[in-house]
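Written out below as structure tokens is the structure these notes cover.
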Amino acid sequence: SRLRQEDFPPRIVEHPSDLIVSKGEPATLNCKAEGRPTPTIEWYKVHGRKSRPDEGVYVCVARNYLGEAVSHNASLEVA
Numbered sequence: 001s002r003l004r005q006e007d008f009p010p011r012i013v014e015h016p017s018d019l020i021v022s023k024g025e026p027a028t029l030n031c032k033a034e035g036r037p038t039p040t041i042e043w044y045k046v047h048g049r050k051s052r053p054d055e056g057v058y059v060c061v062a063r064n065y066l067g068e069a070v071s072h073n074a075s076l077e078v079a
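Numbered according to full-length UniProt numbering, the sequence shown spans residues 1 to 79.
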């Protein structure tokens, strides 16, 4: 008989880091999670100013049917 790996809830294995970018430059925040089934990852802006729409504090949330995991906060600043 074949061993079957059990499903397990997501956990964040790489949290995003704070980032400062120059205006007009692309910005990438990274977040990695593991889980079974493979979790979906969504980004949420926690807070920021409307006058600077890209700047602010972000978190990533990894979800599967067993639950969710939330990353540490990461701030994005445009210099």
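Don't be surprised by glycine CBs; every beta carbon is placed ideally from N, CA and C.
Own chain partners of residue 42 with C-beta closer than 6 Å, once the 5 adjacent residues on each side are dropped: Position 42 of the sequence shown, counted from the first residue, corresponds to residue 42. Answer for residue 42: 61, listed in chain order.
- prompt: What does a CB cutoff of less than 6 Å around residue 3 pick up in its chain, not counting 5 residues either side in sequence?
  reply: Residue mapping note: residue 3 aligns to position 3 of the sequence shown, counting from 1. Below a pLDDT of 50, predicted positions are generally treated as unreliable, and residue 3, at 45, falls in that range; no measurement from the model is reported.
query: Whole-angstrom Cβ separation of residue 63 and residue 39, contact assumed at under 8 Å?
result: The residue you call residue 63 lines up with position 63 of the sequence shown. The residue you call residue 39 lines up with position 39 of the sequence shown. Right, the Cβ-Cβ distance comes to about 5 Å (below 8 Å), so this counts as a contact.
message: In the DSSP assignment, the beta strand (DSSP E) including residue 75 goes from what residue to what residue?
response: Working through the sequence shown from its first residue, we reach residue 75 at position 75. Element bounds for residue 75: 74 to 78.
message: My output table needs one value for residue 15: the three-state DSSP class, helix, strand or coil.
response: As a working mapping, residue 15 is identified with position 15 in the sequence shown. In the structure shown, the three-state DSSP call for residue 15 is coil.
query: Just curious, the beta strand (DSSP E) that residue 44 is in, first and last residue?
result: One-based indexing of the sequence shown puts residue 44 at position 44. Residue 44 -> beta strand (DSSP E) spans 40 to 47.
message: With distance defined between alpha-carbon atoms, name the residue in 56, 66, 65 nearest to residue 17.
response: Walking along the sequence shown from the start, residue 17 turns up at place 17. For residue 17, the nearest C-alpha among the options comes from 56.
- prompt: Which residues in the same chain have their Cβ closer than 6 Å to the Cβ of residue 15, if we skip the five residues on either side of it in sequence?
  reply: Along the sequence shown, read from residue 1 onward, the residue named residue 15 stands at position 15. 71, 72, listed in sequence order.
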